[in-house]
Amino acid sequence: MFNSKDKDRGGGLDLKIHTPGALNFRGSVVLPTVKGSLVATLWSVLITCLHLFVTKLSMPSTYISTTSFVMSLLLAFKNNSSYEKYNEGRKLWSQLLTLSRNLGRLIWIGIEDPEPKATEEKRVAMDLVLAFFIAAKNHIRGKDGIRDEHGILRPELANLIPSKKQAALDAAEERRGSTASALPLTEIVVEGAAADGSGPAAEVTLQVPDAPAATRGAGSLRRPSKTAAQYGFLDGSRGNLALDVTHMLSAYFSAQLKKTRTDSSQYGGMITTLNTMTEVVTSLERVATSRIPYAYIIHLKQIIAIFLILLPFQIVDQFKAWTPALVFLIAFTFLGVDAIGSEIELPFGDDPNDLKIDVYVEQLKWEFTEIVKTPRAKLNEWDLLDD
């Protein structure tokens, strides 16, 4: 059930406006950018010293204008693609929040509760709607299952899923684990780069069971899946808790219809909303697993590296001792723009630049806490005019 401490904390989103400044480092790309910038600067110091004290190393500057134009186009495409994913993820989470609110309203108002047990069942159903939202968040972050990597029940879900259902989920995971131990492993080779798009391409050999539903037992050590961030697919070996929650809610809705506690129109609205919530989670999976092609990212980084290597040769004759400072500024600019695209491409984590999904969770939790404190109103209580 909902935590009683939530009812007094006050609701509402954190709407404080934090104005970014040039000296703010939290959430910036200074650290991943300054390393490459310093390397380029040290290289330019070497070229400058050789040019001033040993031999002339200057070359025509026509390469700068041509390469910088092409590089700017590639950077613009990468950042636009990354922001498109960021923006679509923001819209999908807002849509899922809206659907969860609608489903909570339909459950609390559209289902009659003639006895205390029926009211308690509705509260549990409201808990499951919130559990769906949290499970979807964990699923996209690669934290599937009702238990964490140490086999401990996730605290954010412990009070939302009934203990009987928790036991059923544990049994299902143990069943998947026993199935996995009996299945042959298939080796697949995934070719890609690092999660942030940096570093050379590498081939990674993964061993996976032939059956997609297989997983380890509930008592074994589980690591959060990184496949969505690194290799472009989600690890479904531990099941999908959000999908399990939809099965529970569908069964509850069908039972209420058979008991005539709700009519067919309300039932249809609840099922349609639940189906749309599942569709939104599928869209979130698509956003999480659709990466910019590695060939594009690698080629862009190669062009930036070549540009920065040749840059000192083309400006040293004009700027002389100021060449290293200028190279640092140019490198910081281009590498920073590239790092921004990598930073916002996967916006579902808990980094400063990621979407504030946890704020949505807290908001929905508070709203549902307020809803269940109010008994379901009778139809005549909503009359707009007195008789």
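According to UniProt numbering, the stretch in the sequence shown is residues 1 to 387, in order. For glycine and all other residues, C-beta sits at the position ideal for the given N, C-alpha and C.
Proximity winner among the options, relative to residue i (alpha-carbon distances)
{"i": "Ser94", "options": "Glu174, Pro32, Thr119 and Phe133", "result": "Phe133"}
{"i": "Glu279", "options": "Leu92, Pro155 and Thr323", "result": "Leu92"}
{"i": "Gly349", "options": "Tyr86, Ser58, Ser68 and His51", "result": "Tyr86"}
{"i": "Gly142", "options": "Leu241, Thr66 and Ala295", "result": "Leu241"}
{"i": "Lys301", "options": "Lys78, Thr66 and Thr48", "result": "Lys78"}
{"i": "Lys56", "options": "Asp317, Lys259 and Phe307", "result": "Asp317"}
{"i": "Gly110", "options": "Val287, Pro347, Leu326 and Phe253", "result": "Phe253"}
{"i": "Ile292", "options": "Met59, Met126 and Ile344", "result": "Ile344"}
{"i": "Lys259", "options": "Thr272, Glu115 and Val30", "result": "Glu115"}
{"i": "Phe307", "options": "Phe334, Ala135 and Ile297", "result": "Phe334"}
{"i": "Ser58", "options": "Gly151, Ile47 and Ser65", "result": "Ile47"}
{"i": "Gly243", "options": "Glu285, Ser28 and Arg101", "result": "According to the sequence as given, residue 243 is Leu; it is not Gly. Nearest C-alpha to Leu243: Glu285."}
{"i": "Ala125", "options": "Ile161, Gln166 and Glu173", "result": "Ile161"}
{"i": "Ser100", "options": "Glu362, Gly239 and Ser82", "result": "Glu362"}
{"i": "Ile371", "options": "Ala76, Thr41 and Leu103", "result": "Leu103"}
{"i": "Ala321", "options": "Phe25, His51 and Pro32", "result": "His51"}
{"i": "Ala171", "options": "Gly239, Ile107 and Ala158", "result": "Gly239"}
{"i": "Pro32", "options": "Gly341, Lys365 and Glu367", "result": "Gly341"}
{"i": "Thr289", "options": "Thr67, Gly89 and Ala76", "result": "Gly89"}
DSSP-derived helix/strand/coil call for residue i
{"i": "Arg141", "result": "coil"}
{"i": "Leu249", "result": "helix"}
{"i": "Phe368", "result": "helix"}
{"i": "Asn24", "result": "coil"}
{"i": "Lys356", "result": "coil"}
{"i": "Lys164", "result": "helix"}
{"i": "Ser264", "result": "helix"}
{"i": "Glu120", "result": "helix"}
{"i": "Pro347", "result": "coil"}
{"i": "Ser58", "result": "coil"}
{"i": "Pro209", "result": "In this prediction, Pro209 scores a pLDDT of 44, lower than 50, which makes its location untrustworthy; no coordinate-derived value is stated."}
{"i": "Asp113", "result": "coil"}
{"i": "Thr374", "result": "coil"}
{"i": "Ile134", "result": "helix"}
{"i": "residue 389", "result": "There is no way to answer for residue 389, as the model of the chain reaches only from 1 to 387."}
{"i": "Asn275", "result": "helix"}
{"i": "Ser290", "result": "coil"}
{"i": "Lys258", "result": "helix"}
Where the alpha helix (DSSP H) containing residue i begins and where it ends
{"i": "Thr98", "result": "Thr62 to Gly110"}
{"i": "Trp43", "result": "Val30 to Phe53"}
{"i": "Ala295", "result": "Tyr294 to Phe319"}
Residues that residue i bridges to, as DSSP identifies them
{"i": "Arg147", "result": "Leu153"}
Closer than 7 Å: residue i CB and nearest the ligand SAM heavy atom
{"i": "Leu308", "result": "The ligand SAM is not part of the structure shown, which contains no ligands of any sort."}
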